[in-house]
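For the sequence shown, this note's numbering gives the first residue as 2, with consecutive numbering after it.
We treat Cβ as the ideally placed atom computed from N, Cα and C, and that holds for glycine.
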Amino acid sequence: PWSCDNALVQYNIVSDHKSPVDAYGFDSDWNSNNSVFQYNLSCNNDGGFLLVCNSGGWTPDWSIGNKGTIARYNISINDGLRNYKLKENFFSPVIHCTGPIENSLIEKNIFVLLKKPDEEIDRTLISLTDWKGYPDSTFFKDNFIFTEEPYRTVDHGRSTNTFIANNRYSGEITGPDAGFSRYAGKFGRQMWYDSTGENWNRLIAFVRDKTITINGRESKVAGLIGID
């Protein structure tokens, strides 16, 4: 969604997206309010799972910015694969929040962060950067993370009011660990499933019969997130 209010993006599969700059599975773009992404599957995308962005500096009659993005009950598997430099850096965080976005909520998503095929590729879960301004009031909470190799958690940049809380992980993480706690058991359904609401059931029903290709091998999504 761009220049769009109250967009609802759900029950989609986006994979193998390639682009010279972005290449994210999902993109909450500027001049928009209240974009919601839920019950989606993202995998093998060069840029990552989610881009939330706003080009700062516009007058209000041209752009209202980007406010109120919500991403919940999604699955990201093996995203962030860009193997070339953007300007001076290899850059492909799984989540990229950039520009003066406001009140973004990223919660109750499943991230399966597999081993990258090249040493140079970015290994960052969420990065908050400048695009004529920095993100404000970004909430990243109650997410569930599996890492096959060490991943950096958060690059805060100069963002303001960034809240990281109650995220659980299995594997290894580096960098800021406030708001992340290690799960003692094996990654799987028992780590993230909550039977008190219908949201996880809707996501499970959507992906239960889906397969994806990783490194030339066909894999069941259900197995990768621990349903079966």
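Could you tell me which of P21, G49, V22 and I165 sits nearest to K109, measuring between CA atoms? I165
Look up G49 in the DSSP assignment and say whether it is helix, strand or coil. G49 falls in the strand class under three-state DSSP.
Restricting to Cα atoms, I'd like to know which of G26, R124 and S33 is closest to N90. R124
Give every residue of the same chain whose Cβ lies closer than 8 Å to the Cβ of F92, excluding the five residues on either side of it in the sequence, and list them in chain order. R83, K86, D123 and S128
From this set, S36, G26 and A72, which residue's C-alpha is nearest N79's C-alpha? G26
Is R153 helix, strand or coil by DSSP? strand
Does the stretch 202-220 come within contact of the stretch 32-49, defined as at least 3 CB pairs closer than 8 Å? Segments in contact, yes.
So, under 8 Å CB-CB, S171 and M192 are touching, yes? Tell me the CB distance rounded to an integer number of Å. 7 Å
Suppose contacts are defined by Cβ-Cβ distances below 8 Å. Is Y194 in contact with T175 by that definition? no
If I measure Cβ to Cβ from T212 and keep anything under 6 Å in the same chain, skipping five residues before and after, which residues do I get? Within the same chain, and ignoring the five residues on either side of T212 in sequence, the residues whose Cβ sits closer than 6 Å to its Cβ are E219 and K221.
Assign F27 to one of three DSSP states: helix, strand, or coil. strand
Short Cβ contact (8 Å threshold) for F38 with S77: no
For N67, tell me which candidate among N7, V95, P118 and K116 has the shortest Cα-Cα distance. N7
Which of the three DSSP states is assigned to V10 in this structure? strand
Whole-number beta carbon distance between N32 and S64, since they are thought to touch under 8 Å: Confirmed, Cβ separation roughly 4 Å.
Pull up the distance between the alpha-carbon of L52 and that of N13, whole angstroms please. 16 Å
Expected contact under 8 Å - CB spacing of F141 and N168 to nearest Å: That belief holds up - the Cβ atoms of F141 and N168 are roughly 7 Å apart, short of 8 Å.
Span separating the alpha-carbon of K133 from that of T60: 13 Å
Would G227 and F188 be called neighbours here (beta carbons separated by less than 8 Å)? yes
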